[in-house]
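In my numbering, the protein residues as written are 7 to 357.
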């Protein structure tokens with residue numbers, strides 16, 4: 007714990023010594039006090055910005071405000087210029103833009119509660135997933151609730167545990183609004199974080215959502231003791247599947263070979279930080295879905311995403327054998343080892 011406190015103090019001083027231009031300091035609202043929301047808050051606050059976080063939990067609010075801690079990142083000391091509230095209006099009223107960082111299943115309900123305060127402020131989706139019941143992407147959900155919304159999507163290979171301690175990270179911001187692209191790029195960029203821009207909102211969002219499914223599969227493969235050859239094949243063929251579906255849903259093919267597709271796929275499939283990979287590994291080891299959810303202790307986006315991708319694949323007639331097989335593992339109780347055999351013994355094909 008002491009080592010992380012020293013590191014946090016060092017990072018604070020490092021940013022101060024850069025002599026950041028005060029005219030660029032921004033007031034930023036973050037909706038969601040989970041690990042990713044707090045990690046983004048920490049990065050932005052260390053850059054000199056004033057950050058307000060909304061939390062649904064009084065307990066989390068008190069922990070952040072009084073102890074400068076987050077229960078999901080217990081070894082990180084939070085900067086002083088982060089405040090947490092349970093009141094939407096207080097968090098949003100002075101903000102120049104809003105980062106939406108709630109689990110996808112709660113996005114519509116939470117947005118309904120604060121959309122009256124948005125006005126012309128850009129809302130940047132930092133969550134990764136779908137709305138399960140409607141099969142909609144999160145940008146579609148927000149636009150349905152507030153048609154005039156100014157919107158962006160921030161995605162890419164990034165674990166909260168690493169961003170919170172300033173390990174170099176590269177992300178992509180997607181928007182049709184050039185002002186949003188410039189604002190996010192200027193605000194986030196520093197030697198520890200690089201931001202690229204894209205106009206392909208749908209592709210960037212889908213890459214971040216769909217890769218969780220393949221990460222879950224990577225966990226299953228680990229849980230049943232498979233090796234590096236299998237992981238390489240899974241990532242490669244999994245990328246093909248998510249690209250086919252992503253293009254069918256309106257994304258650009260090249261986007262899926264960038265940061266929000268291939269980049270996020272690699273980090274989520276191979277890292278022990280990934281809750282989606284961990285959940286899959288527990289299933290591979292023989293745990294039930296409920297046991298896996300309990301042990302992970304946080305929302306596992308891939309569980310809902312698997313069902314959504316399976317349904318979307320059927321609707322758009324997209325060939326997705328990995329997605330179809332993992333759907334059978336989760337919802338039809340197919341044994342994971344038998345699932346691997348089924349994939350390996352399909353009909354012969356050319357690449």
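Just so it is clear, CB atoms sit at the ideal spot from N, CA and C, and this is done for glycine as well.
Residue 252 is not a Cβ neighbour of residue 290, given a cutoff of 8 Å.
Annotated three-state conformation of residue 70 is helix, per DSSP.
Under the three-state reduction of DSSP output, residue 354 falls in the coil class, being neither helix nor strand.
For the pair residue 66 and residue 218, the Cα-to-Cα distance works out to about 26 Å. For residue 292, the closest alpha carbon among the candidates 341, 63, 134 and 107 is that of 341. Across the set 231, 190, 283 and 326, the C-alpha of 326 shows the shortest separation from the C-alpha of residue 250. Using a Cβ distance threshold of 8 Å, residue 171 and residue 105 do not count as a contacting pair. Excluding residues up to 5 positions away in sequence, nothing lies with its Cβ nearer than 6 Å to the Cβ of residue 321 in the same chain.
When DSSP states are grouped into helix, strand and coil, residue 30 belongs to the helix group.
If you compare the alpha carbons of 282, 319, 42 and 318 with that of residue 307, the shortest gap goes to 282. In this structure, the CA atom of residue 143 is about 33 Å from the CA atom of residue 353. Within the segment 204-256, the complete alpha helix (DSSP H) segments of 4 residues or longer fall at 207-229 and 234-254, listed in chain order.
Rounded to the nearest angstrom, the gap between the Cα atoms of residue 54 and residue 240 is 41 Å. In this structure, DSSP gives residue 200 an extended state, which the three-state scheme calls strand. Here the alpha carbon of residue 156 sits roughly 7 Å from the alpha carbon of residue 126.
Put simply, of 87, 302, 178 and 246 the residue whose alpha carbon is nearest the alpha carbon of residue 58 is 87.
For residue 243, the closest of 231, 40, 262 and 257 by C-alpha to C-alpha distance is 262. In this structure residue 102 is in contact with residue 32, their Cβ atoms being roughly 5 Å apart against a cut-off of 8 Å. Exposure of residue 231 is indicated by the presence of fewer than 16 other C-beta atoms within 10 angstroms of its C-beta.
Within the model, the alpha-carbon separation for residue 222 versus residue 309 is close to 8 Å. The Cβ atoms of residue 158 and residue 109 do not sit closer than 8 Å to each other. For residue 133, the three-state secondary structure derived from DSSP is coil.
The C-beta separation of residue 178 from residue 266 comes to about 6 Å, placing the pair in contact by the 8 Å criterion. Bridge partners of residue 161 according to DSSP: 178. Restricting attention to 133, 215 and 210, the CA atom closest to the CA of residue 180 is found in 210. With contacts defined by Cβ atoms closer than 8 Å, residue 135 and residue 269 do not form a contacting pair. Looking only at 311, 45, 199 and 257, the smallest Cα-Cα distance to residue 75 is reached by 45. In the structure shown, residue 274 adopts helical secondary structure according to DSSP, grouped into three states.
Per DSSP, residue 93 lies in no beta strand (DSSP E) and is assigned neither H nor E.
Going by beta carbons, residue 208 and residue 248 fall outside the 8 Å limit.
In the DSSP assignment, residue 106 falls within the unbroken beta strand (DSSP E) covering 103-106. For residue 87, there is no enclosing alpha helix (DSSP H), as DSSP marks it with neither H nor E.
One alpha carbon belongs to residue 333, the other to residue 99, and they sit about 43 Å apart.
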